[in-house]
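Residue numbers (our numbering), protein chains in the order written: chain A, 1 to 221; chain B, 222 to 442.
Yeah, the Cβ is synthetic: ideal placement off N, Cα and C, and Gly gets one too.
Report on the following structure.
2 protein chains.
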Amino acid sequence: MSYPVFAVTVDLVVLTVRDGALHVLLVQRGCEPYLGRWALPGGFVHADEDLTTAARRELGEETGLDGPAGHLEQLGSYGDPGRDPRGRVVTVAYLALLPDLPSPTAGTDAAAAEWAPIGRRGLAFDHDRILADGVERARSKLEYTPLATAFCPPEFTIGALRGVYEAVWGGPIDPRNFHRKATTTPGFVEPTGRSTEGEPGRPARLYQRGEATRLNPPMSR
Amino acid sequence: MSYPVFAVTVDLVVLTVRDGALHVLLVQRGCEPYLGRWALPGGFVHADEDLTTAARRELGEETGLDGPAGHLEQLGSYGDPGRDPRGRVVTVAYLALLPDLPSPTAGTDAAAAEWAPIGRRGLAFDHDRILADGVERARSKLEYTPLATAFCPPEFTIGALRGVYEAVWGGPIDPRNFHRKATTTPGFVEPTGRSTEGEPGRPARLYQRGEATRLNPPMSR
DNA sequence: TCGATTATCGTCAGAATGACGAGAAAAGGA
DNA sequence: TCCTTTTCTCGTCATTCTGACGATAATCGA
Numbered sequence: 001m002s003y004p005v006f007a008v009t010v011d012l013v014v015l016t017v018r019d020g021a022l023h024v025l026l027v028q029r030g031c032e033p034y035l036g037r038w039a040l041p042g043g044f045v046h047a048d049e050d051l052t053t054a055a056r057r058e059l060g061e062e063t064g065l066d067g068p069a070g071h072l073e074q075l076g077s078y079g080d081p082g083r084d085p086r087g088r089v090v091t092v093a094y095l096a097l098l099p100d101l102p103s104p105t106a107g108t109d110a111a112a113a114e115w116a117p118i119g120r121r122g123l124a125f126d127h128d129r130i131l132a133d134g135v136e137r138a139r140s141k142l143e144y145t146p147l148a149t150a151f152c153p154p155e156f157t158i159g160a161l162r163g164v165y166e167a168v169w170g171g172p173i174d175p176r177n178f179h180r181k182a183t184t185t186p187g188f189v190e191p192t193g194r195s196t197e198g199e200p201g202r203p204a205r206l207y208q209r210g211e212a213t214r215l216n217p218p219m220s221r
Numbered sequence: 222m223s224y225p226v227f228a229v230t231v232d233l234v235v236l237t238v239r240d241g242a243l244h245v246l247l248v249q250r251g252c253e254p255y256l257g258r259w260a261l262p263g264g265f266v267h268a269d270e271d272l273t274t275a276a277r278r279e280l281g282e283e284t285g286l287d288g289p290a291g292h293l294e295q296l297g298s299y300g301d302p303g304r305d306p307r308g309r310v311v312t313v314a315y316l317a318l319l320p321d322l323p324s325p326t327a328g329t330d331a332a333a334a335e336w337a338p339i340g341r342r343g344l345a346f347d348h349d350r351i352l353a354d355g356v357e358r359a360r361s362k363l364e365y366t367p368l369a370t371a372f373c374p375p376e377f378t379i380g381a382l383r384g385v386y387e388a389v390w391g392g393p394i395d396p397r398n399f400h401r402k403a404t405t406t407p408g409f410v411e412p413t414g415r416s417t418e419g420e421p422g423r424p425a426r427l428y429q430r431g432e433a434t435r436l437n438p439p440m441s442r
């Protein structure tokens, strides 16, 4: 039996919330094709490597992070003939949601790496579309999963969690109704008993993520 | 630059509702590996073919269907090294939801094809897991999208739509509350003005799918 | 001490939900 | 023809959820 030959890459849509706005991790390409253009981080899948393993490896290379912090899930695959001038390349895109981190470290074959506010266009390959799909997935999943906590550090306030929703959905949310909803939805967040100190305003109780995998009922956008 | 070489296939999780139960389209393999074993329909992606095009082609080959009926979406990619004894094969799985059809036609390299109630195990490759992921995706999407209509013919009754939910979720639903919910959720279904004839019981109004892409508020499981 | 700021708790009307009653409109058999 | 069965469709009602907003609590910085 004969069949066409492909190369397989993983690309990452790494999202975080910085300064109240959704940001994506971009790298400036250090080799052809699209030399010098901004792109999603990614690379070829190794010979005996699982797809998820490859995604986690790339994530570690780009962010210096390897712990189980944040969230990583498969986003989808993109295989248009002609999407890569080097030949037939299928990419498996992954979506990562991370708490705000120190500045990224430029990886091996990237000239630079930075957090960019989402909305920038003109990325290499079909990365504009992959990014748009990733953002849409994130927006959608905040509704019916507790994934917003993936954008937060291990301990966080309800106000910080609300900030995530406001940044991802792009609009203000009533603090009082949000507080009620977040604290009464079973399994969403659990109080740790500690509180913030030294912040402006009244001290806020600290919470950690709960055990739920789905929000019931969902947050309404 | 050198990188590993892959083959890429598409596999289909084709679901339908028959006799009040969720069924999946399976084929009996007519060639190695896993000769004679039941598997999800699928095949290699052609040299200059898009992934979605390949999925639609395979769907047409297996069901004889090529129209826009039903629903087709990408489910996810599976690329464990060793998932295929022939070498490094990544498969892109698609999920198709179709109205009940006449018996399937066995495709080119399939010995047989049939609708099997979901739950059967022991499929070839990693198809048990892909099938489970597809069923879970379908269950989940019925909640917050109008996708249940993809299981129905162009015109259907509220009772038939309820039958889809009962089959996919596996439990009885109160007909009166469901009727209210389906007919008042904006964009879910629209009356065609016609009614059923010759069925037992009171004639039912016929509906077609509405324009909504998401149900607001969602159906509760 | 005095705002400014943020967190947290309450209230209240309107909407949505779940449980169920009741009638409408057909088919099929006695 | 009349009755039974079946399924659809419309209502009712108590409970819960939601959105809008008032009020108070607890800190910081001037």
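By the beta-carbon neighbour count (other beta carbons within 10 angstroms, threshold 16), S220(A) is exposed.
R277(B) carries a helical assignment under DSSP once its states are collapsed to helix, strand and coil.
Sorting L256(B), F227(B), G297(B) by C-alpha distance to the C-alpha of V45(A) places F227(B) at the top. Within chain A, the residues whose beta carbon sits less than 9 angstroms from that of E270(B) are P4, G79, P81, listed in sequence order. Apart from sequence neighbours up to five positions away, the residues of its chain that approach K402(B) with a beta-carbon distance below 8 angstroms are M440, ordered along the chain. Taking 8 angstroms as the threshold, the shortest C-beta distance from G297(B) to chain A falls below it. At least 8 angstroms separates the CB of A212(A) from every CB of chain B.
With 16 or more neighbouring CB atoms inside 10 Å of its own CB, R383(B) falls in the buried class. Excluding sequence positions up to five before and after G76(A), its CB lies within less than 7 angstroms of the CB of A93, D133, all in the same chain and listed in chain order.
Under the Cβ criterion (8 angstroms, minimum of three pairs), the region 370-385 of chain B counts as touching the region 404-419 of chain B. Every unbroken stretch of the beta strand (DSSP E) spanning 3 or more residues and falling wholly within the region 62-150 of chain A is given here in chain order: 71-78, 89-97, 110-117. At a C-beta separation below 8 angstroms, H46(A) has these neighbours in chain B: P225. Each residue's CA atom was taken as its position, placing Y3(A) and A268(B) some 8 angstroms apart.
Chain A has no Cβ within less than 8 angstroms of the Cβ of P320(B). Under the DSSP assignment, Y428(B) falls in the beta strand (DSSP E) whose first and last residues are 426-430. For the C-beta of V313(B), the chain A residues within less than 8 angstroms are, from N- to C-terminus, S77, G79, V90. One alpha carbon belongs to R426(B), the other to T417(B), and they sit about 6 angstroms apart.
Annotation for L344(B): W259, A260 place their beta carbon closer than 6 angstroms to its own, counting only its chain and skipping 5 residues before and after. Excluding the 5 residues flanking it on each side, E279(B) has same chain C-beta neighbours closer than 7 angstroms at V231, L233, P262, G263, G264, in chain order. In this structure the region 387-401 of chain B touches the region 236-245 of chain B; the number of beta carbon pairs closer than 8 angstroms is three or more. The closest CA to that of G70(A), considering only A96(A), Y78(A), T183(A), is found on A96(A). E387(B): member of the alpha helix (DSSP H) spanning 379-390, first to last residue.
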